[in-house]
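In the numbering used here, the protein residues as written are 357 to 699.
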């Protein structure tokens with residue numbers, strides 16, 4: 357999947373809290389921030405988790421409803437099928453691409469009709485062989501998160517995808533940590549580059565840290581995709597709000613990523629740029645006389661000083677004038693010229 361500039365995915369996820377009005381507001385926020393894609397999650401709780409599955413610690417601490425059932429939590433956060441049609445239309449009307457992650461084969465098939473540009477595989481499905489095979493047979497590019505995985509598991513998932521005929525060049529791998537929020541000490545951002553080198557894939561980062569700096573750093577290190585959760589307010593109830601960006605932060609992240617993208621887009625050759633050439637003569641120095649000197653003076657080091665502007669002879673040539681005789685009188689701070697000396 358050849359990505360020409362950093363693809364910014366604003367992850368709404370389940371932060372709609374079961375309210376389509378909130379879902380639309382999230383789409384508007386993502387569009388206003390300048391994100392490329394706004395992404396939700398498509399699943400049926402009955403297919404995603406058994407009734408004995410417990411909430412993750414971060415989910416339990418965020419919701420605090422006294423119910424540790426993951427299934428019950430997910431039931432409240434399902435997106436009804438009819439929502440998708442309305443949200444796709446709304447996203448188009450505000451100028452942003454709609455995307456949703458399908459968590460099972462049936463959800464993937466349902467999402468087919470929306471002609472999304474690629475499929476997103478969440479971290480929890482990286483060891484789900486039937487799911488990987490099903491999504492690979494669709495033939496579209498894939499972006500896959502790798503939270504909780506090691507390098508061998510990532511490679512095994514890629515091989516399963518390739519076994520269905522999808523080329524590795526159509527796969528982008530996102531380094532990721534599946535703790536919400538991710539402690540800075542566990543980010544291990546260099547692993548992103550290691551994945552790219554070891555597996556010969558495009559790379560990116562799915563960011564679950566607090567703040568925006570890790571996404572910016574990942575961009576500087578070569579991430580082609582940045583995915584980041586966002587919310588209308590971190591104070592809202594729900595499993596992911598507390599580890600999400602608020603609207604102003606999302607906008608700041610997008611601006612920063614685009615700035616970093618521009619900053620690292622040069623040729624790599626070190627030459628003066630057009631913007632700085634005008635400052636060259638102002639910022640550099642040339643050789644000047646340090647004091648008044650009469651005609652006939654034999655010049656030594658104490659007679660010269662280096663001062664701005666750089667309109668005269670470069671200080672790199674200063675040794676050339678030692679022991680030379682002045683053919684004219686000069687005054688303090690006068691810029692030195694070849695004509696001041698006998699040949």
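Just so you know, even glycine gets a beta-carbon here, dropped at the ideal spot from N, CA and C.
Where residue i falls, given that 16 or more other Cβ within 10 Å makes a residue buried
i	result
residue 478	buried
residue 625	exposed
residue 426	buried
residue 533	buried
residue 375	exposed
residue 411	The predicted model places residue 411 with a pLDDT of 48, which falls under 50 and marks its position as unreliable; any figure quoted below should be read in that light. Residue 411 is buried by the Cβ-count criterion.
residue 764	Since the first and last residues shown for the chain are 357 and 699, residue 764 lies out of range.
residue 685	exposed
residue 696	buried
residue 620	exposed
residue 435	buried
residue 563	buried
residue 451	exposed
residue 552	buried
Span separating the alpha-carbon of residue i from that of residue j
i	j	result
residue 566	residue 610	15 Å
residue 330	residue 500	Coverage of the chain is limited to positions 357 through 699, which leaves residue 330 absent and any answer about it impossible.
residue 475	residue 498	5 Å
residue 366	residue 583	6 Å
residue 360	residue 580	8 Å
residue 511	residue 664	59 Å
residue 544	residue 570	10 Å
residue 404	residue 628	57 Å
residue 358	residue 525	7 Å
residue 677	residue 630	33 Å
residue 606	residue 670	49 Å
residue 694	residue 639	22 Å
residue 446	residue 380	7 Å
residue 386	residue 590	16 Å
residue 400	residue 430	8 Å
residue 662	residue 668	10 Å
residue 390	residue 585	15 Å
residue 472	residue 466	11 Å
residue 464	residue 538	28 Å
residue 505	residue 598	24 Å
residue 656	residue 675	9 Å
residue 384	residue 439	16 Å
residue 604	residue 368	15 Å
Spatially closest choice to residue i from the options, by CA coordinates
i	options	result
residue 649	544, 689, 668 and 589	689
residue 673	462, 651, 390 and 641	641
residue 486	507, 472 and 462	462
residue 555	562, 530 and 431	530
residue 469	387, 546, 687 and 494	494
residue 518	491, 542 and 505	491
residue 516	428, 484, 466 and 507	484
residue 503	496, 536, 473 and 471	536
residue 568	698, 509 and 600	600
residue 547	507, 538 and 540	507
residue 402	428, 384, 383 and 687	428
Contact check, residue i vs residue j, beta carbons under 8 Å
i	j	result
residue 433	residue 370	yes
residue 575	residue 557	no
residue 578	residue 549	yes
residue 711	residue 592	Residue 711 falls outside the range modelled here, since the chain spans only 357 to 699, and no answer is possible.
residue 559	residue 612	no
residue 706	residue 481	Because the chain spans 357 through 699 in this model, residue 706 falls outside it and cannot be assessed.
residue 654	residue 681	yes
residue 651	residue 683	yes
residue 392	residue 363	yes
residue 588	residue 382	yes
Any chain B beta carbon closer than 8 Å to residue i
i	result
residue 430	Judged by its chain identifiers, the structure shown contains no chain B, having just a single protein chain.
With contact counted as at least three CB pairs below 8 Å, one residue from each stretch, are the region 391-403 and the region 454-464 in contact? The region 391-403 is in contact with the region 454-464.
Are there three or more Cβ pairs, one per stretch, closer than 8 Å when the region 643-661 is compared with the region 612-622? Contact fails: fewer than three Cβ-Cβ distances are below 8 Å.
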